[in-house]
Ligand code: FPP
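What follows is the structure in structure tokens.
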């Protein structure tokens with residue numbers, strides 16, 4: 257990763273954790289008469305740029321939805337290309353993440369990914385353990401409901417083995433999710449024009465602020481992110497209480 261992205265003053269009330277549903281790659285490519293996979297290639301560069309920008313403006317965590325448990329239904333060639341891009345991205349990240357102070361974690365069922373990708377995920381995890389700093393979480397083979405079921409299974413197993421005991425609190429349950437130890441997203445952004453959550457971070461987004469835009473992900477710029485943060489800053493977060 258390069259560090260050239262401009263540094264804007266962090267200002268007040270920068271979201272600590274931003275989550276983004278990467279959407280609109282296919283349409284971006286079609287509009288230009290290109291194969292859908294070209295949109296994914298530009299989309300992965302957009303992710304690189306936005307991750308660096310988030311780090312520079314003082315965001316602590318960026319979580320992106322890159323490949324869902326349902327995305328396997330796409331044409332084989334498209335899935336292969338996305339896996340190839342992820343491979344390329346993680347390979348490059350391994351060389352630069354420590355220098356750039358970007359930790360990475362993958363949320364999702366990694367065991368269902370191609371073996372080479374699994375190895376790269378393990379390597380990025382290993383490097384990430386060595387330092388503190390901005391963290392990018394990439395959701396791969398991820399589904400929000402599957403995550404909750406998986407957490408429930410792990411909790412039940414620990415209970416049976418006497419590794420934990422009741423009562424089960426929300427806090428304890430959270431520690432079984434992929435996002436264990438990470439604060440919930442403050443701001444969830446969905447580019448691409450759709451206004452739905454699509455099985456993304458169902459537990460964690462209970463009190464997140466949502467921001468939708470028609471901009472397609474490959475066109476998503478740092479200015480767009482500034483706009484989303486500006487809107488977020490004007491929101492009144494009450495968490496069910498009154499002010
Ligand atoms: C959604 O757009 C995008 C995806 C399912 C794939 C996202 C993957 C990448 C950008 C590749 C690498 C990612 C990282 C984080 C390095 P869509 O295809 O559903 O777009 P459409 O709605 O216009 O068809």
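Numbering (this note's numbering), first residue to last: 257 to 499. Just so it is clear, CB atoms sit at the ideal spot from N, CA and C, and this is done for glycine as well.
- Around the C-beta of residue 436, fewer than 16 other C-beta atoms lie within 10 Å, and the residue is accordingly described as exposed.
- Straight through space, the alpha carbons of residue 307 and residue 318 are spaced by roughly 7 Å.
- When secondary structure is reduced to three states using DSSP, residue 393 falls in the strand class.
- If you look at residue 380, you'll find it in the alpha helix (DSSP H) that goes 371-384.
- Selection 380, 373, 298 and 367 evaluated against residue 361 yields 380 as nearest (Cα-Cα).
- By alpha-carbon distance to residue 395, the top candidate from 321, 270, 283 and 495 is 321.
- Within the same chain, Cβ atoms closer than 8 Å to the Cβ of residue 333 are found at 293, the five residues on either side in sequence being excluded.
- A distance below 9 Å separates the beta carbons of residue 445 and residue 277.
- The alpha helix (DSSP H) runs lying completely inside the region 305-382 and spanning 4 residues or more are 332-356, given in chain order.
- Secondary structure remark: continuous alpha helix (DSSP H) runs of at least 4 residues inside the region 397-430, in chain order: 400-416 and 426-430.
- The continuous alpha helix (DSSP H) containing residue 488 extends over residues 478-490.
- In this structure, residue 320 has its beta carbon less than 8 Å from a heavy atom of ligand 1.
- A distance of 9 Å or more separates the beta carbons of residue 281 and residue 270.
- Between residue 477 and the set 358, 305 and 288, the nearest pair of CA atoms involves 305.
- The distance from the Cβ of residue 472 to that of residue 336 is about 22 Å, inconsistent with a contact at the 8 Å cut-off.
- In this structure, residue 390 has its beta carbon at no less than 8 Å from each heavy atom of ligand 1.
- Where residue 288 is concerned, there is no enclosing beta strand (DSSP E), because DSSP gives it neither an H nor an E.
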